[in-house]
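Heads up: the structure comes next, in structure tokens.
In the numbering used here, the protein residues as written are 43 to 648.
So, in structure tokens, the structure goes:
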């Protein structure tokens with residue numbers, strides 16, 4: 043085996059060269075080859091020693107990848123490379139053993155010779171043999187690192203395709219079983235949007251600039267909602283057009299502002315946008331917008347729950363108010379610290395926000411259903427609706443409060459706009475006149491979450507991940523905690539869409555769950571509140587993940603495989619985790635609420 047590119051230099055060759063020059067160990071997983079031309083000023087003994095150490099490094103990696111490679115390397119003797127050893131190795135291992143044996147033999151002969159002419163000859167033989175072994179071993183290891191077991195990959199793709207097909211078939215079965223094959227323009231567009239998004243992965247430019255795809259799809263869907271409401275008004279079926287149209291207009295305007303807040307993408311990231319303009323201004327402007335967002339969110343949350351309806355809601359509101367004051371204090375403290383250049387490493391404020399938020403959310407989940415079931419005098423139907431909405435409001439409000447703490451201050455307004463988009467959508471879907479199908483509601487909320495993901499400045503490049511925010515409130519380094527916070531920051535908007543679906547689910551609990559005999563129909567309730575909100579995100583994510591996996595395999599030799607396709611695949615895998623977490627949260631919340639109301643209903647009947 044002869045290396046065809048003897049004089050080529052690679053980036054991996056820099057590490058062993060520098061480490062040997064400075065006398066430190068070579069990185070254990072490095073597959074580089076020492077650049078011998080740089081060692082010309084050293085003695086022959088030092089140059090051979092450098093090649094010998096580099097050979098030890100690659101031999102160790104070869105043994106890890108070739109268990110049958112048993113050529114024990116000893117610089118004091120060449121007898122270890124015997125015929126029995128070679129018989130236990132395959133052809134690749136035999137070649138490596140023979141090349142290294144020749145280098146070791148020449149190196150030992152150089153040590154034993156006193157004749158200068160013979161020493162010079164053995165030196166050249168040893169150095170050339172070492173270089174031949176190193177180049178061949180480095181090339182083989184680099185190919186080994188990118189080996190793709192095609193059979194395993196095909197099995198994985200088939201399994202993913204079967205999983206995706208099952209999700210799609212189950213969704214269609216539920217759709218046709220519920221809506222009697224009645225397709226509308228909204229249904230058709232969402233179906234086409236999912237297909238178009240999956241097809242766009244075939245282009246590296248669409249992958250790099252995916253934020254335009256989701257902005258277009260989300261805006262188009264809400265424009266269809268707008269035209270539908272106007273058409274209903276013209277037919278005389280909607281008496282108050284402004285109440286139904288205003289939430290749609292708010293979503294569209296907020297979406298347009300989000301699109302201009304961060305230019306995003308990869309090819310156009312250098313163009314001016316609102317965030318860059320704010321960063322050029324004084325820090326006080328950003329702090330003012332941050333404080334405004336905190337206060338606005340507090341007012342909106344106060345409006346979303348009936349504070350005086352129950353003491354439990356009042357306690358939740360007070361805990362949220364305390365958390366908002368702490369986030370406000372942290373924002374002011376950071377601004378002062380940045381202005382006068384003092385240390386602002388205090389962690390007790392973020393930690394207090396984590397504790398207050400966690401206790402409040404857990405208390406709302408486990409406490410609100412019991413309080414709602416006890417004080418509900420309007421029946422189980424309205425009791426479940428109000429309870430789901432209140433818990434969803436708590437989820438969303440405390441999640442946004444957490445984001446105002448973790449996100450960069452320039453992202454405070456985008457967090458508020460995304461929250462307003464979801465609140466406006468819930469208000470739109472709660473209107474009795476705007477009769478949208480349940481799965482359309484869920485798809486719209488999911489689309490908002492994906493569009494908001496890019497509205498917060500995220501891209502499909504790993505360079506835009508906010509690493510600094512992942513250490514807020516952590517007194518000592520923790521990979522797990524920092525990773526969780528980084529995940530929360532990056533997928534703030536998609537997770538918010540799942541939390542908002544809990545609010546949106548309350549609009550799906552309609553009178554169909556009560557049969558003609560005034561008996562509560564749990565099957566219909568769970569279909570609309572668990573099955574549909576869980577299936578729609580799973581279908582959209584599964585289609586995207588399966589299609590992009592196929593594209594990634596086809597593009598494995600593409601020029602941009604490492605800079606474009608591989609980072610996007612990492613994002614898709616992390617997005618899959620967020621989808622499953624969101625689905626588990628939705629299903630767990632609804633099942634627990636139904637369980638509590640069932641127990642209370644049985645007690646009431648007895």
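Idealized CB from N, CA, C, for every residue including glycine.
For residue 211 and residue 574, the gap between their C-alpha atoms comes out near 13 angstroms. Inter-residue distance for residue 228 and residue 260 is about 12 angstroms (C-alpha atoms, whole angstroms).
Using a Cβ distance threshold of 7 angstroms, residue 471 and residue 483 count as a contacting pair. DSSP places residue 267 within a helical segment (H, G or I) once states are collapsed to three. Put simply, the segment 437-448 does not touch the segment 261-279. Fewer than three CB pairs are less than 8 angstroms apart. Straight through space, the alpha carbons of residue 56 and residue 461 are spaced by roughly 49 angstroms.
Distances from the CA of residue 344 to each of 354, 362, 83, 433 were compared; the closest alpha carbon is that of 362.
Residue 428 counts as buried, since no fewer than 16 other beta carbons sit within 10 angstroms of its beta carbon.
In this structure, the beta-carbon distance from residue 282 to residue 325 does not fall below 7 angstroms. Closest in C-alpha terms to residue 356, from the list 290, 432, 373, 299, comes 432. Bounds of any alpha helix (DSSP H) do not take in residue 512, whose DSSP letter is neither H nor E. Excluding five sequence positions before and after residue 409, the CB atoms of its chain that fall closer than 7 angstroms to its own CB belong to 354, given in chain order. Burial of residue 206 is indicated by the presence of at least 16 other C-beta atoms within 10 angstroms of its C-beta.
Straight through space, the alpha carbons of residue 53 and residue 185 are spaced by roughly 15 angstroms. With contacts defined as CB atoms closer than 7 angstroms, residue 110 and residue 135 qualify as a contacting pair.
Taking each of 176, 59, 161, 77 in turn and checking the Cα distance to residue 104, the smallest one comes out for 176. The shortest CA-to-CA distance from residue 233 to any of 606, 364, 579, 302 is the one to 579. One alpha carbon belongs to residue 162, the other to residue 148, and they sit about 11 angstroms apart.
Membership of residue 301 in the alpha helix (DSSP H) is indicated by the continuous run 283-303. Taking a 10 Å sphere around the C-beta of residue 641, we find fewer than 16 other C-beta atoms and assign the residue as exposed.
Rounded to whole angstroms, the gap between the alpha carbons of residue 193 and residue 525 is 33 angstroms. Secondary structure of residue 605 (DSSP, three-state): helix. Contact between residue 435 and residue 487 does not hold, since their C-beta atoms are separated by about 14 angstroms, which reaches or exceeds 8 angstroms. Boundaries of the alpha helix (DSSP H) around residue 579: 574-596.
Where residue 497 is concerned, the enclosing alpha helix (DSSP H) starts and stops at 480-497. Between the alpha carbons of residue 613 and residue 102 lies a gap of roughly 34 angstroms. Within the same chain, Cβ atoms closer than 7 angstroms to the Cβ of residue 588 are found at 202, 203, 206, the five residues on either side in sequence being excluded. Remark: C-beta atoms of residue 499 and residue 535 do not approach each other more closely than 7 angstroms. With respect to the 7 angstroms criterion, residue 296 and residue 459 are classified as neighbours on the basis of their beta carbons. DSSP places residue 311 outside both helix and strand once states are collapsed to three, so it counts as coil. Here residue 340 has 366 as same chain residues with Cβ atoms under 6 angstroms from its own Cβ, once five neighbours each way along the sequence are excluded. At the C-beta level, residue 180 and residue 73 come within 7 angstroms of one another. Excluding residues up to 5 positions away in sequence, 588, 591, 592, 595 lie with their Cβ nearer than 8 angstroms to the Cβ of residue 199 in the same chain. According to the DSSP assignment, residue 501 belongs to no alpha helix (DSSP H), since it is labelled neither H nor E. Around the beta carbon of residue 437, 16 or more other beta carbons sit within 10 angstroms, so the residue counts as buried.
In the structure shown, residue 77 falls within a coil segment according to DSSP collapsed to helix, strand and coil.
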